[in-house]
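Since the structure comes first, as structure tokens, the remarks are kept for the end.
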Ligand code: PMP
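In the UniProt record's numbering, the protein residues as written are 1 to 288.
Structure follows, in structure tokens:
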């Protein structure tokens, strides 16, 4: 079924949702975005996503024609117009139409695009059995070259690592930073469990400050589980008791093998399963 897409000032038919070939979002990946889940008709953590989008836009000096409130309302309107109960929202802000040169300051009509659709999830079986992943040779962009907290339209670095994963016949890959510490997966944050303690790399290692990551850290601490933000090496991943990834689309997913090494018992471990369930309850507004 054709969707209604939010284009700047209101909803248009999918067939009319178009941007110029001179939009710098297309020409240079010059823009920012968010991926947001809808659970039971509620837009999940909307305020946090809007904040991260505005922070990303601020850093790349991309002015928005809408304020936070208006943008939040536009997301809600788009979700309702498409009758999405459980789905995914893609919120995109492009630099707008410029010339073939790099200069972003002459770009006009930056586009605010909102797509609300159903979501293709990993199969339930993968959550039960756990996922296999590999280490990518592609290094995560150094945070001093470009801050990893900015969720920009330029994902080529992560896409290179994703290709490595797919070449190896697995869906995800771990990306390390230039020092060899874990940064993140291609579209998710990384956690391990060692001796009952949950460990995750600090954002400064080069990952995105994931909204799911933040929630999972809080849910763990609320349950008396110690969480430590600490640099992790490939060795740490190989010898941990549990390994899991977090992200808007994947939620909490257990990893059972990395680079041919089994993790723990060969199925998602108890803390992974506990946090997956806690996250699911929280996302669906069920009792804590
Ligand atoms: N890292 C990257 C590169 C991502 O694209 C995502 C997905 N947005 C994440 C981590 C996880 O972040 P979040 O929990 O906010 O979806």
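Quick reminder that beta carbons are idealized off the backbone N, C-alpha and C, glycines included.
| Asked | Found |
| --- | --- |
| For residue 55, three-class secondary structure by DSSP | helix |
| Identified DSSP bridge partners for residue 87 | 38 |
| Local conformation of residue 24 per DSSP, three classes | helix |
| Option in 170, 141, 109 and 243 with minimal Cα separation from residue 232 | 243 |
| Cβ-heavy atom distance, residue 208 to the ligand PMP, below 7 angstroms | yes |
| Three-state secondary structure (DSSP) of residue 13 | strand |
| Range of the contiguous beta strand (DSSP E) that encloses residue 247 | 242-247 |
| Residue 67 beta carbon near the ligand PMP (any heavy atom closer than 7 angstroms) | no |
| Buried/exposed call for residue 268, threshold 16 Cβ in 10 Å | buried |
| The ligand PMP heavy atom lying under 7 angstroms from the CB of residue 138 | no |
| 4 or more residues per run - each alpha helix (DSSP H) lying fully within the segment 202-265 | 211-222 and 234-239 |
| Proximity to residue 106 [Cα-Cα], best of 61, 3, 145 and 42 | 61 |
| Option nearest residue 196 by Cα separation, candidates 227, 171, 234 and 219 | 227 |
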